[in-house]
Amino acid sequence: MLMKIKLTIAVLTLFTVIFMAGCDKIDPPYINESGGGGGDDADVVQKVLLEDYTGHTCVNCPAAAKIASDLQKLYGEKLIVMAVHTGFFADPMQPPFDTDFRTNTGDKWRTDFSIVSYPSGMINRGLEGGRIAGKGQWASRVDAAMQETAKASLKIETNYTEANRQLALKIDSRFLQNASEKYLLQVCLVEDSIMAPQRNNDPSVGETPTITEYYHRHVLRKGVNGVNGETISSTSIVANETYTHEYNIPIDVAYNADRCSIIVFIYREANGEIVQVEEAHIK
Amino acid sequence: MKAVLFPLFSMLLFLNIGLFAQSDIPQVTIKTLDGKNFNTAEITNSGKPVILSFWALWCKPCQKELDAFNENYADWQEETGVKIYAVSIDDSRSTARVMPMVNGKSWEFEVLLDPNSDLKRAMNVNMIPHTFLLDGEGKIVSQHTSYFEGAEYELYEKVKEIAGVK
Amino acid sequence: MRKLLIFVLLLGFSHSYAQDFIDKAQVNGSFQIDGQYYQPDNAIGIYDSTIDGRKMGVNGFGNITYTLGKFSAGVRYEAFLTPLAGFDPLQEGNGFPNMWASYQTDFIGVTVGNFYEQFGNGLVLRAYEEWTLGYDNSINGMRIVLRPTPGITLKGVYGTQRYYWQKFENGNRGIVRGLDAEFDLNQSIKSLNDAPVRLILGVSGVSKYQKDKDPLFNLPENVSALAGRMNLSAGKFNFATEYAYKINDPSAMNNFIYREGQSILSSLSYSQKGLGAVLQLKRVDNMSFKSDRGIDGNALDINFIPPINRTHSYSLAARYPYATQPNGEMAMQFQLNYKIPKGSVLGGKYGTGIALNFSQVNDIVRSQVNDSTLVNTQGTFGYNSDFFKVSDHIFFRDFNLEIDKKINQKWKAVVQYMNLYYDIATIEGHAGEEAVKANIGLVDITYKITNRNSLRFEMQGLFTEQDDGDWAAALLEYTIAPTWFFTIADQYNYGNPDKDMQQHYYTVSVGYVKEASRIALTYGRQSEGVVCVGGVCRQVPASSGLSITLSTSF
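Chains as they are written, first to last, in this note's numbering: chain H, 1 to 283; chain G, 284 to 449; chain D, 450 to 1003.
Here's what the structure looks like:
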């Protein structure tokens, strides 16, 4: 009996000690004003691509877009956001939800990465902690991806001719180390701030259930070089060699050229992870 | 390490199955309708058979089975002394409705609560209704899943067999 | 962890003689395979592209438990190759998610490995598994249960929760630790053992630790929740209540607000032979509690806030199921069961059972913390809320009446009426859609041909102006007890506002049961719907094809 009581007290004490350690009451301000930084000061800066899988009838998506935009304020140009409209919630419906932001490229990615719930995100398509991240995980995952050391650099030159709406693109990829595995280059055209209605259920972000004048940010318009991009080099990659790819593409008259930009990223064929990303306005 | 050990471990168990004696009910602490702890070791019937049946409020066939048991319970008890325990696997969303339902239906047998399915898991019940028949020593002699109208007669034949009643 | 487990297993073996290991041990287990072969069915919107080359889905598991006296150990194997339609793609995979070993005496119980646990009603901790939903938040760690004297139970748990197949590493989710103490007054004090008034008290505390890696917010790394409960019974009355409180826990679920959470669940019941009544009240305010603050799906819940409305079993009655809104709700539920006695005019020869049930769930009232901050703005306190105020925003209401009657030796019938209000915009996230107001009626008739052969006939109707409109359903089942069943059924969405979707969803099933084994084959169409068990729901897409379920226990 005495033994039992002693043991009980010992176990209780142990658990209470463990337990009492656990209580953090946070006082305002809750938000950090200055954010985390990147891991490198070298000439080559690691940038991060946040893909936001979304749709105009997805009620939780405006809250996710808000997180993406808050993160961009924090990281500036180091964070590149691309909104991919695909899946059930992106389907054109009865007006006013008759706009169609879907793309073949986006639809392909949705099936490639098994995206079934919206909003969902990918951060450099990284596998650490699962490829698909809910909006609540974006901030910490973006921060972690920023700490990575850059493996490659990207340079985009754009030359847009207003008269025939033709865009000439020259993209230079350079790797910092030799690599025998395959890397692919994916070039995308995005249009920013398109006004169209959006379903919403978060009153702190905007009207519910519909935000009539909603600015859809960083909308993927098309994959410039196919749905999965193209191989950077057919032979082994040599450090500091520049691999150049050039494209000539028309810009659809429906798009506002002032708000269009090109997002380019390099990813490993083996696991799909993005190693570098860059964005440039077409004008 | 894990990849090798566990399949081996499982295989070992399978090879031995034939050698094992009939099973006792696992000892698990569940609840009575008034919230008391109840150790399943207390499921006994002094040498007479026991029927142990898993059910829930949302399971219609389970209730039909227990209704059928209830209708015959007085006769069965008289003839064989069998005792019935009905274990509800309702969780906290419906445990509060179990007692009114049991009384509302005038069920005469013991009803127990297994709100986090601890006993259900320990007895490897996949689907309900699932009914076990225990002999006088508390060993599981047969079990049956699903209930179809009239299945209680088949069960009662077995009860009589165990109780040695013709 | 794994090594520790193996060590404990070996320890268990070495303590027993080799002969005992075989002779006195028991092995139990169960297996289940749910498979479906999909086929395109353009009429209900399933095309080759929807199936996407994935012709089959198979979910399966196997459990093996080894018991030797006070020692037991077990493993669970699962395979989702590929998961059935509607299950999370993260389920895809196979392996041994659960392994455990445990030693239990009357005084102490120790479990290492994966285990399930619940404190009280689960308001601060519940680890459980629900196969039909693909839900499993088991804890991988250690549990100690102590029963020092009769009537006192102490529990301590420590570990991380299961997240599909993802291993816990580098702090990729939180660590959960919890304590629970329960005191049964009547069992503790000898002279009160058989007292007519019984009192049981309980307290629990749970804390989770998750590192703050978020660049935007200053987040609490340790979040704790406390709960107290009581169960008082006196004669035919029973009163039970539990209150839970959680400190600031900004998460994806509550939009990163810093308000504390609380929840209360109370019930009062009266019952005597032939009559039972229960009234339940519940308030939930910002009570989502997950071991990863970034997750907003159906996974990694530490606690469980039960929905208290009735769970329906008939298909059309269950078409609009409710799931708890953990961010805030006020709910009430009343149920009355009465059996009209045998021999009375209404009771007839066998008596007549009546069950009346009413439940309603409303939102809580939220107000701004200050003039410049909108309600629920992320990175703020969130809102203020008056504990007793009920919003006029109704999430759900269900009134239903069920009568069951055995007419004679051959005939039995169940009749049910149900009136439903279902805020589809909130519950299923279909913003802007009008709430579903429906009337549902059904009859379920059983005819006993002989002692072993029976026919069962079900006829249901669901009438609504909203969502998919009116439905009718019929089912005919022939059973040969205790082994065979044959069912044909049809659900017809004749009132769908979209003419092309006025479809029949027919199925043909056959099943064979022997002892604890069951095989069922179903061919036909499955309409799109929501399956809820517990507070968790799963969207099931429409499908067409052949499905098989095979289950066995030993």
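Where is the CB? At the ideal position from N, CA and C, for every residue including glycine. All values reported here derive from a predicted model rather than from experimental measurement.
Under 8 angstroms Cβ-Cβ, which residues of chain G neighbour residue 753 (chain D)? Position 304 of the third sequence, counted from the start, is the residue given in the question as residue 753 (chain D). By Cβ distance, chain G contributes 374 and 375.
Establish whether the CB of residue 430 (chain G) and some CB of chain D are separated by less than 9 angstroms. Start at 1 with the first residue of the second sequence, and residue 430 (chain G) comes out as number 147. Cβ-Cβ to chain D under 9 angstroms: yes for residue 430 (chain G).
Tell me, to the nearest whole angstrom, how far the beta carbon of residue 752 (chain D) is from that of residue 571 (chain D); I am working on the premise that it is less than 8 angstroms. Numbered from 1 along the third sequence, position 303 holds the residue referred to as residue 752 (chain D). Numbered from 1 along the third sequence, position 122 holds the residue referred to as residue 571 (chain D). Contact flag correct, Cβ pair sits at about 6 angstroms.
Buried versus exposed call for residue 909 (chain D) [16 or more other C-beta atoms within 10 Å across all chains shown]: Along the third sequence, one-based indexing puts residue 909 (chain D) at 460. Answer is buried; the Cβ neighbour count reaches 16.
Can you name the start and end residues of the beta strand (DSSP E) that residue 356 (chain G) belongs to? Taking the second sequence and counting its residues from 1, the one referred to as residue 356 (chain G) is at position 73. Taken as a continuous stretch (DSSP letters only), residue 356 (chain G) belongs to no beta strand (DSSP E), being part of the alpha helix (DSSP H) at 343-363.
Interface residues of chain D facing residue 343 (chain G) [CB-CB closer than 9 angstroms]: As a working mapping, residue 343 (chain G) is identified with position 60 in the second sequence. The answer, in chain order, is 762, 763, 863 and 893.
Please report how far the alpha carbon of residue 434 (chain G) lies from the alpha carbon of residue 491 (chain D), in whole angstroms. Looking up residue 434 (chain G) in the second sequence gives position 151. Looking up residue 491 (chain D) in the third sequence gives position 42. Their Cα atoms are separated by approximately 41 angstroms.
Which class does residue 858 (chain D) belong to by DSSP, given the choice of helix, strand or coil? Residue mapping note: residue 858 (chain D) aligns to position 409 of the third sequence, counting from 1. Three-state result, residue 858 (chain D): coil.
At a CB-CB cut-off below 7 angstroms, which residues of chain G make contact with residue 577 (chain D)? If you number the third sequence from 1, residue 577 (chain D) lands on position 128. Near residue 577 (chain D) (Cβ distances below 7 angstroms), the residues of chain G are 399 and 400.
With a cut-off of 9 angstroms, does the C-beta of residue 700 (chain D) fall near any C-beta of chain H? Locating residue 700 (chain D) in the third sequence gives position 251, counting from the first residue. With 9 angstroms as the cut-off, residue 700 (chain D) counts as an interface residue toward chain H.
Under DSSP, the beta strand (DSSP E) around residue 812 (chain D) begins and ends at which residues? Against the third sequence, residue 812 (chain D) aligns to sequence position 363. 801-813 is the extent of the beta strand (DSSP E) around residue 812 (chain D).
Which of the three DSSP states, helix, strand or coil, is assigned to residue 614 (chain D)? For the purposes of this step, residue 614 (chain D) is taken as the residue at position 165 of the third sequence. Three-state DSSP puts residue 614 (chain D) in coil, outside helix and strand.
Taking 9 angstroms as the threshold (beta carbon to beta carbon), is residue 307 (chain G) in contact with chain D? The residue you call residue 307 (chain G) lines up with position 24 of the second sequence. So, interface residue.
Would you say residue 636 (chain D) reaches chain C, if we count a Cβ-Cβ gap shorter than 9 angstroms as a contact? Absent from the structure is chain C; the protein chains it does hold are H, G and D.
Return no unless some Cβ of chain H is closer than 9 angstroms to the Cβ of residue 670 (chain D). As a first step, residue 670 (chain D) is located in the third sequence; it is residue number 221 there, counting from the start. Yes, its Cβ sits closer than 9 angstroms to a Cβ of chain H.
Does the pairing of the stretch 25-32 of chain H with the stretch 690-701 of chain D give three or more beta-carbon distances under 8 angstroms? Verdict: yes, contact present.
Exposed or buried, which one is residue 860 (chain D) when buried takes at least 16 other CB atoms within 10 Å? Counting from 1 along the third sequence, the entry for residue 860 (chain D) is found at position 411. Residue 860 (chain D) comes out exposed.
Using 9 angstroms as the limit for Cβ to Cβ distance, is residue 355 (chain G) near chain D? If you number the second sequence from 1, residue 355 (chain G) lands on position 72. Residue 355 (chain G) is outside the set of residues whose beta carbon lies under 9 angstroms from a beta carbon in chain D.
Nearest-angstrom Cα distance between residue 40 (chain H) and residue 258 (chain H)? If you number the first sequence from 1, residue 40 (chain H) lands on position 40. If you number the first sequence from 1, residue 258 (chain H) lands on position 258. With a pLDDT of only 44 at residue 40 (chain H), under 50, the local geometry of the prediction cannot be trusted, and the value read off the model is given with reservation. Roughly 32 angstroms separates the two Cα atoms.
Using a Cβ-Cβ distance cut-off of 9 angstroms, determine whether residue 23 (chain H) contacts chain D. Residue 23 (chain H) sits at position 23 when you count from the first residue of the first sequence. True, the Cβ-Cβ gap to chain D drops below 9 angstroms.
Taking C-beta to C-beta, are residue 512 (chain D) and residue 407 (chain G) nearer than 9 angstroms? Within the third sequence, the letter at position 63 stands for residue 512 (chain D). Within the second sequence, the letter at position 124 stands for residue 407 (chain G). Closer than 9 angstroms, so yes.
For the stretch 480-563 of chain D, list the beta strand (DSSP E) runs that are entirely contained and at least 3 residues long, ordered along the chain. Secondary structure in the stretch 480-563 of chain D: the beta strand (DSSP E) runs of 3 residues or longer, each lying completely within the stretch, are 505-517, 520-529 and 542-553 in chain order.
Segments assigned alpha helix (DSSP H), at least 4 residues, entirely inside the stretch 873-916 of chain D: Counting whole runs of 4 or more residues, the stretch 873-916 of chain D contains the alpha helix (DSSP H) stretches 873-876.
Would you kindly check if the distance between the Cβ of residue 256 (chain H) and the Cβ of residue 175 (chain H) is under 9 angstroms? The sequence position of residue 175 (chain H) within the first sequence is 175, counting from 1. The sequence position of residue 256 (chain H) within the first sequence is 256, counting from 1. The answer is no: Cβ separation not under 9 angstroms.
Can you tell which of H:86, H:272 and H:141 has the C-alpha that lies nearest to the C-alpha of residue 54 (chain H)? Residue numbering aside, residue 54 (chain H) sits at position 54 when the first sequence is read from its first letter. The option with the nearest alpha carbon to residue 54 (chain H) is H:86.
Taking buried to mean at least 16 other C-beta atoms within 10 Å of its own C-beta, is residue 84 (chain H) buried or exposed? Along the first sequence, read from residue 1 onward, the residue named residue 84 (chain H) stands at position 84. Classification for residue 84 (chain H): buried.
Nearest by alpha-carbon distance to residue 1005 (chain D): which of D:716, D:573, D:611 and D:763 is it? Here chain D comprises residues numbered 450 to 1003, so residue 1005 (chain D) is not present and cannot be evaluated.
Using the beta-carbon count (16 or more within 10 Å), is residue 361 (chain G) buried or exposed? Sequence index remark: in the second sequence, residue 361 (chain G) carries index 78 (1-based). Result: exposed.
Excluding the 5 residues flanking residue 629 (chain D) on each side, which residues of the same chain have their C-beta closer than 6 angstroms to its C-beta? Within the third sequence, the letter at position 180 stands for residue 629 (chain D). These residues qualify, in order along the chain: 568, 604 and 653.
Under 9 angstroms, Cβ to Cβ, is there at least one residue of chain G near residue 759 (chain D)? Residue mapping note: residue 759 (chain D) aligns to position 310 of the third sequence, counting from 1. With respect to chain G, the C-beta atom of residue 759 (chain D) has a partner C-beta closer than 9 angstroms.
From the beta carbon of residue 26 (chain H), is the nearest beta carbon of chain D less than 9 angstroms away? Indexing the first sequence from 1 puts residue 26 (chain H) at position 26. For residue 26 (chain H), the answer is yes, since a Cβ of chain D falls inside 9 angstroms of its Cβ.
Given 8 angstroms, three or more beta-carbon pairs between the stretch 715-722 of chain D and the stretch 576-584 of chain D: no
Rounded to whole angstroms, what is the Cα-Cα separation between residue 510 (chain D) and residue 485 (chain D)? As a working note, residue 510 (chain D) is residue 61 in the third sequence. As a working note, residue 485 (chain D) is residue 36 in the third sequence. If you take the alpha carbons of residue 510 (chain D) and residue 485 (chain D), they lie about 15 angstroms apart.
Whole-angstrom C-beta distance between residue 741 (chain D) and residue 651 (chain D), which should lie under 8 angstroms: Position 202 of the third sequence holds residue 651 (chain D). Position 292 of the third sequence holds residue 741 (chain D). So it is not a contact: roughly 27 angstroms between Cβ atoms.
Does residue 640 (chain D) come within less than 9 angstroms of chain G when only Cβ atoms are used? Within the third sequence, residue 640 (chain D) is the residue found at index 191, counting from 1. Cβ-Cβ to chain G under 9 angstroms: no for residue 640 (chain D).
Quick check: residue 771 (chain D) and residue 871 (chain D), are their CB atoms within less than 9 angstroms of each other? In the third sequence, the residue the question calls residue 771 (chain D) occupies position 322. In the third sequence, the residue the question calls residue 871 (chain D) occupies position 422. Closer than 9 angstroms, so yes.
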